[in-house]
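Residue numbers (this note's numbering): 1160 to 1368. Read the structure below first, then the notes.
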Amino acid sequence: MNEKRNRSDEPNLSLSLKIPIEYESVKRIPTLEEAMNLELKNGQVDPNVNLKKFRRTISNRLSAQRSRMRRTEYIDELKKEAKDLEDTIAFVGRKIENGKDNKKKLQLENQMLRVQLDSITNKSNLLTEIIDNLASKKLKRLTCQNQEFISLKSLNLFTSIAVQTEELKVDLKRLKEPADAQEDEEHMDMDQYLNFDNMTFSPPKNDDI
């Protein structure tokens, strides 16, 4: 009731209370004194108006303008924040998509590297097996060759010993033959000597006796 009565008591003023250009440029609501001076300057106020009510009316209008301005600025700020968030979401979305693409590429590269690693491992194992087989065969061959060499060397040694033995036998035989011949000759001389003695010292046979 009081609020309705107070509103009815306010003078019916056609107050525009528009923000002047100089205030719009800086987005600033004029003060109460500035607004009252503007209304009085424009001649839209009855000279007999109650200044107290006029001041309250101007103050209420300015307060409403400030509220609208704050609400407008708040809405603009929310719109700006929403736009920034949308841009951020779009940017992050692109980053996520790029990350997914990079993840797929890395997974493919990892798979390819695993295949290459398995292939290299198989080749390495095969080469190791081949090398081991070759080394084993070579070791066996060298062992056989060494045994053959030892056997051949032993055979040569035995052959050399046999040859030297035969040569020694021949030499001994050669050395023994002159000694035997000399011994036979001495025996022959001895026999002849004995026969000669027998012939000399044997008493003559006397056929007359």
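Cβ atoms here follow ideal geometry from the backbone N, Cα and C, with glycine treated the same way.
Item	Value
Cβ distance (whole Å) where LYS1241 is taken to contact LEU1221 below 8 Å	One detail in the question is off: residue 1241 reads as Ala in this sequence, not Lys. At roughly 30 Å, the Cβ-Cβ gap does not stay under 8 Å, so ALA1241 and LEU1221 are not in contact.
Per-residue DSSP class, three states only, for THR1106	In the structure displayed, the chain extends from 1160 to 1368; residue 1106 sits before or after that span and is not available.
Three-way DSSP call (helix, strand, coil) for ASN1315 in this model	helix
Environment of PHE1317 [buried if 16+ CB atoms lie within 10 Å]	exposed
Whether LEU1191 touches ARG1225 by CB criterion (9 Å)	no
Backbone secondary structure at ASN1209 - three-state DSSP	coil
Residue environment, ILE1217, which counts as buried when at least 16 other CB atoms sit within 10 Å	buried
Through-space distance from ASN1257 to VAL1251, alpha-carbon basis	10 Å
C-alpha gap between ASN1196 and LYS1238, whole angstroms	35 Å
Nearest-angstrom Cα separation, counted from LYS1296 out to LEU1285	16 Å
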